[in-house]
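Add 497 to a position in the sequence shown, counting from 1, and you land on the number used in the working numbering. For each residue, glycine too, the CB sits at the ideal point set by N, CA and C. As the structure is a prediction and not an experimental result, all values here were calculated from the model. Okay, so here's the structure we're looking at.
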Amino acid sequence: MATESSAAATDVLVVGAGPIGLTAALELRRRGVACRVVDKLTEPPQYAKAVGVQARTLELWEAAGVLPAMLDAAIPMFGQFVYRNGERVATMQFELPPDMPYGFMALPQYETERLLREALARHGVVPERGVELVSFTQDDDGVTAELVGPGGPETVRAAYLVGGDGAHSTVRKALGLSFEGGAFAEEYMLGDVEVDWSIPRGYGVRAMREEDGTVVDLLVCIPLPGRGRYRMSMLVPPELSSAAPAAGEVAHGFEAGRAPELHHIQAVIDRMSPEPTVARNLRWSSVFRISHRIAGAYSAGRAFIAGDAAHIHPPTGAQGMNTGIQDAVNLAWKLAAAVHGTAAPGLLDSYDAERRPVGEEVVGRTVQAATTGVRFDAADPFAAVRREAQLLVGYRGSPIVGEVDESLPAGAPQAGDRAPDARGLVRDIVQFPVRLFELFRVPGHALLLYADTDTTAAGLDEVADAARSVLGDDLVVHAVLASGVHAPRLVTPTLRDAAGEFRAAYAAVDGTLLAVRPDGYVGHRGSVADPAGLLRYAAGVVAPAGERVGVGR
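Structure follows, in structure tokens:
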């Protein structure tokens, strides 16, 4: 066995090369953090496991620079037709609020992983396949991990460890974290097939047969890229069913050894399809079970878990992978700050404080929706769209965000809320209007300073300099000026709110100051006339200048 001094070293060891592990690694590399990604599977799975991609994930992909490739590979999701006992009972049309930059789309998980791998490779990291985490130990300075792979045993020394290794997570088990919850009795089967029918492209199908209020037969079809291609899920026929899992067993995901054949899927289509059709070109199939569990904590010491390692639940509403990706983004910028020595004490603790409540809410909501379906309020359909799109996820009350300002109008973005986009911004040199989200494609904080008077605008350079001194060199500052404001001596990069969309989206008034975190959430909202609030926020996320020493390895 290698000694600690001879062990291979890296900043962060990421276990699991699925969407969560790849996202964590990509976000770390964007911030200059060395990492390794290992996965015990010798080849990437080719299942369309997670398919639905939410708008919030697309926003994060835009910031990471991978969105165009994802959009090219995906199919839009416009809505769903719902059938009960052979009759269409609902048409769910995904009507989007005008301030929502992206809609819903479907993309097979293996394509998501491929495109993330390609992006990660451009940062010099390739996942190491057939490499398994056997065990690890922690001390005050780092993690020592024992791996085994094609080249034999290996000892790796890392500052931190991230477990994105799924529902049966080795990292979670080694940390001794609880994983409380239960399992659904039903078994399901999945199949990736093509059909010819009159259902419009981009629409899903949910067909149920009920007896005495209980669903006894089911067919759910999610469109996939391609001609007439769907991922279909349905109840397992008796010949493919297995014994119920033992008490306490985490029964979640695909089950080995029992792959449905095309005739199994066709039999359900014959019973449940809204119109006669024949399935063909079965690309893959599987039997799977669903559990609902959440870890008692998302971290212990220098080791962290994310995605299915931390929370599992029904796939209703396509919340799982998207929630895990947001776990990874939330964690990565904080880990990067810790590795670079710029993290304030307690910054890493905020990962559990912010993300675990989100996991609890998603688990509870999807368990309920598994029996009732996703509900849309006819009085306010946009509320349900924003919720399912994960645009309402926020961190108000987090230990590292500023205080809520009760004087602001309802709907105004507060500290802890997602920072919304705004269009119609104008800047010198650029011939076309720009969007606010284009400014968030940075690895660090973004500071937005709004002025609608010449006097306030004239003092923004001083505010920007003070902010850089406390939030670090990677801070990007922009002044946003109302139309008609003159600030000829201002050197801070400037945008004009020509369409007034920034003022409307943020309920901005003269002197509004917004510190936007690296993950796109408002960390602090205040005024350029009151720097004390920004100083308090900075103290919670950034170490004082004299104490910024990288922990390294």
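Counting the other Cβ atoms within 10 Å of the Cβ of ALA522 gives 16 or more, which makes it buried.
Residue state for HIS760 is assigned as helix, using DSSP reduced to three classes.
Taking LEU978 as reference, the option from VAL967, ALA996, GLY969 with the minimal CA-CA separation is ALA996.
The C-beta distance from LEU519 to ARG533 rounds to 12 Å, too long to fall under 8 Å, and the pair is not in contact.
A straight-line Cα-Cα distance of about 26 Å links ARG728 and PRO878.
CA-CA distance, ALA976 to ARG884, rounds to 31 Å. Distance from the CA atom of TRP558 to the CA atom of ARG527, rounded to whole angstroms, is 12 Å. C-alpha of GLU858 to C-alpha of PRO896: approximately 19 Å in a straight line. The secondary-structure analysis by DSSP pairs GLU677 across a beta bridge with ILE791.
By alpha-carbon distance to ASP1027, the top candidate from ARG915, ALA1042, LEU1011 is LEU1011. In the structure shown, VAL901 falls within a coil segment according to DSSP collapsed to helix, strand and coil.
Closest in C-alpha terms to ALA504, from the list ARG654, ILE572, GLY576, comes ARG654. A direct Cα-Cα distance of roughly 16 Å separates SER788 from MET731. Residue pairing of ARG581 in beta bridges, as defined by DSSP: GLU584, MET705.
Under the three-state reduction of DSSP output, LEU613 falls in the helix class. In the DSSP assignment, GLU556 falls outside any beta strand (DSSP E) and within the unbroken alpha helix (DSSP H) covering 552-561.
Residue burial annotation: GLY660 is buried, with at least 16 other C-beta atoms found within 10 angstroms of its C-beta. Nearest in C-alpha terms to PRO650, of all of ALA964, ALA664, ASP638, PHE633, is PHE633.
When DSSP states are grouped into helix, strand and coil, THR667 belongs to the helix group. Counting the other Cβ atoms within 10 Å of the Cβ of ASN827 gives 16 or more, which makes it buried. In the same chain as PHE676, and ignoring 5 residues on each side of it, the C-beta atoms closer than 8 Å to its own belong to ARG669, VAL747, ARG790, ILE791, ALA792, GLY793, in chain order.
Here the alpha carbons of PRO1041 and TRP830 stand approximately 18 Å from one another. Per DSSP, GLU736 is not a residue of any beta strand (DSSP E), being assigned neither H nor E. Taking the C-beta atoms as reference points, THR539 is found nearer than 8 Å to ARG626.
In terms of Cβ geometry, PRO910 and ALA916 form a close pair [threshold 8 Å]. Shown here for TRP694: same chain residues with a beta carbon closer than 6 Å to its own, the five before and five after excluded, namely GLU772, THR774 in chain order. Looking at the DSSP output, MET567 shares a beta bridge with no other residue. ALA880 and MET597 have their alpha carbons spaced roughly 12 Å apart.
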